[in-house]
Amino acid sequence: MNAAELDTLFRSTFGSGSYRSFFAPGRINLIGEHTDYNGGHVFPCAITYGTYALAAKRSDRMIRMYSVNFPDKGIVECPLDDLAYRSEDDWANYPKGMIAALKERGYAIEEGLDLLIYGNIPNGAGLSSSASVEMVTGVMLEKLFNLKIDRIDMVKLGQVVENQYIGVNSGIMDQFAIGMGKKACGMLLDCQTLNYRYAPIELDSHVIVIMNTNKRRELAGSKYNERRGECEEALRILQEKVPAQSLGELSAETFERYASAISSETVRKRARHAVSENERTIQALEALERNDLYTFGELMNASHRSLRDDYEVTGKELDALVEAAWKQNGVIGARMTGAGFGGCAIAIVEKTAADDFLREVGRAYLSEIGYEASFYIANIGDGACEIELGVHI
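Mapping the sequence shown onto numbering that gives the first Met the number 0, position 144 (from 1) lands on 143, and the numbers just tick up by one.
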């Protein structure tokens, strides 16, 4: 949907042509998977797919919300004085949650508003559309109501909404990458301390390809909890040998010295991934600071192998995409991204080889899996902000 169509839709939906426009990106994690809850680092970036919000203040205390992506839900209405979570409000609970959270913390939001939401993040791709809606709402409220909100505080608030209002026990990476994203940069983030460093990603002659398996991730939740428990068990055993508060504090050398204390091969493998993956994120930062994209690509490949062999969260669909990608000319690196068991993989590909890459990987995936993957060329963009409508679209 283009800017003119959104303009027309806002006017016809709400009977007004006066509004302001906002954008929050989706995100991909370039490297550092299943490290956040193990006390390690992640390495995400914001992308130029995301969520648009067109919004105007009202003279009363009514909030009216409409999503282009869920037209069957119609206009969802609620008064400012009743922002309780309601399952029937579906997608609208995300902006409601941000409004409620800001009001609870004393921010002055005394008028209602008309809000039109449109997202072009692929459905079910694991690129964090929910956090994108939360952060675009936060920026929209900040600007419309002249609020002074520290961006890190807004990021934290997005996680609070996700955890406490929506009821999803997720980490802070998604909101952080979306709120703090920087064009042409990834960021090394310590999810415990929120210390972060930007790293330049020079892609003048390369593109990032997002490869969606189009598989529903039914197992992700239960397997996530299982892996988390296995890592906690490994840490308890290792703490008898070495003082550490998390697996992320251990070097690979220290881990291997004491790994034999973990009698279960499965638990040992889970911990090995957490430790080695955290080291890869540090090495990735160093490689990008040297503008060494090829070493970065090798680290991506090693990350996928570790997620496949030690953490066992890839599955045949993600492996089919990544292993097909590795065989193509012009591929710097490829790996799964996100929780696993479906969702997406990413690849860094030379621009001149991109068309052949899309055709050949798509053909190989269809042949092996029996249905098609979807592909998106992603650029690394800025974090959530107010925009002139049409700039990002």
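Cβ atoms here follow ideal geometry from the backbone N, Cα and C, with glycine treated the same way.
Host beta strand (DSSP E) of residue i (start-end)
i	result
methionine 210	205-211
leucine 114	112-118
methionine 395	A query on residue 395 cannot be resolved here, the shown segment of the chain reaching from 0 to 392 and no further.
asparagine 300	Where asparagine 300 is concerned, there is no enclosing beta strand (DSSP E), although the alpha helix (DSSP H) it sits in stretches over 292-308.
glutamate 248	Looking at the DSSP string, glutamate 248 is not in any beta strand (DSSP E), and its letter there is neither H nor E.
Inter-residue spacing [alpha-carbon to alpha-carbon] between residue i and residue j
i	j	result
leucine 188	histidine 40	5 Å
leucine 306	threonine 313	6 Å
phenylalanine 254	alanine 273	10 Å
arginine 85	aspartate 291	49 Å
tyrosine 48	glutamate 311	29 Å
valine 159	methionine 97	9 Å
isoleucine 386	aspartate 6	14 Å
threonine 212	threonine 12	35 Å
alanine 353	glutamate 32	25 Å
tyrosine 293	arginine 362	26 Å
glycine 342	glutamate 316	9 Å
lysine 119	aspartate 113	Contrary to the premise, residue 119 reads as asparagine rather than lysine in this sequence. Approximately 20 Å between the Cα atoms of the pair.
glutamate 141	proline 121	27 Å
serine 302	isoleucine 171	21 Å
proline 199	methionine 179	14 Å
arginine 226	isoleucine 148	36 Å
alanine 55	glycine 329	47 Å
arginine 104	lysine 72	30 Å
serine 373	glutamate 359	13 Å
phenylalanine 42	aspartate 308	21 Å
glutamate 278	methionine 0	42 Å
alanine 233	tyrosine 36	13 Å
leucine 115	tyrosine 106	22 Å
valine 241	leucine 156	35 Å
glycine 296	leucine 202	12 Å
glutamate 109	arginine 215	41 Å
leucine 146	leucine 8	28 Å
Beta-carbon separation (whole angstroms), residue i vs residue j, contact threshold 8 Å
i	j	result
valine 138	phenylalanine 21	5 Å
isoleucine 331	alanine 45	Not confirmed; about 20 Å, so no contact.
arginine 26	glycine 111	Actually they are not in contact, since the Cβ atoms of arginine 26 and glycine 111 sit about 30 Å apart, beyond 8 Å.
isoleucine 261	alanine 270	7 Å
alanine 2	leucine 298	Contact flag wrong, Cβ pair sits at about 39 Å.
arginine 63	isoleucine 74	5 Å
threonine 34	threonine 280	7 Å
asparagine 28	threonine 336	5 Å
glutamate 367	alanine 319	5 Å
lysine 182	aspartate 381	5 Å
glutamate 349	serine 259	Not confirmed; about 43 Å, so no contact.
alanine 323	tyrosine 364	6 Å
isoleucine 236	leucine 193	At roughly 29 Å, the Cβ-Cβ gap does not stay under 8 Å, so isoleucine 236 and leucine 193 are not in contact.
Sheet register partners of residue i (DSSP bridge)
i	result
aspartate 189	His40
isoleucine 376	Val208
lysine 56	Leu112
methionine 179	Note: methionine 179 sits in no beta bridge, so no partner.
valine 75	Met64
glycine 332	Ile347
alanine 23	Thr50
isoleucine 200	Answer is none; isoleucine 200 lacks a bridge partner.
isoleucine 171	Bridge partners of isoleucine 171: none, in fact.
cysteine 184	Pro199
cysteine 384	Phe22
asparagine 28	Pro43
Extent of the continuous alpha helix (DSSP H) run through residue i
i	result
valine 160	First-last for valine 160: undefined, no H or E at that position.
phenylalanine 254	251-257
alanine 100	92-103
valine 135	128-143
serine 366	353-368
arginine 271	264-288
alanine 319	314-325
glutamate 311	Careful: glutamate 311 lies outside any alpha helix (DSSP H) and carries neither H nor E.
arginine 10	2-13
Contacting residues, own chain, Cβ-Cβ under 6 Å from residue i (five flanking each side not counted)
i	result
alanine 23	Gly49, Thr50, Ser131, Met134, Val135, Ile177, Ala383
alanine 99	Leu82
isoleucine 209	Cys343, Ile345, Tyr375, Ala377
valine 154	Gln174, Phe175, Gly178
leucine 284	Leu187, Ala198
glutamate 229	Val266, Arg269
cysteine 77	Ile62
serine 127	Gly25, Arg26, Asp173
aspartate 88	Val75
Residues of its chain near residue i, where Cβ-Cβ distance is below 7 Å and the 5 sequence neighbours each way are ignored
i	result
lysine 222	Val312, Phe340
glycine 38	Gln191, Gln244, Ser245, Leu246, Gly247, Glu248
glycine 396	Here the chain comprises residues numbered 0 to 392, so residue 396 is not present and cannot be evaluated.
serine 275	Ala251, Ser305
valine 321	His303, Ala333, Arg334, Met335, Ala344
Close Cβ partners of residue i (< 8 Å) along its chain, the five nearest in sequence each way excluded
i	result
tyrosine 93	Ser129, Val132, Glu133, Thr136, Val160, Ile165
tryptophan 325	Asn300, Ala333
cysteine 184	Cys44, Tyr197, Ala198, Pro199, Ile200, Ile379
Closer than 8 Å to chain B by CB, residue i
i	result
proline 242	Of the protein chains in this structure there is only one, and it is not chain B.
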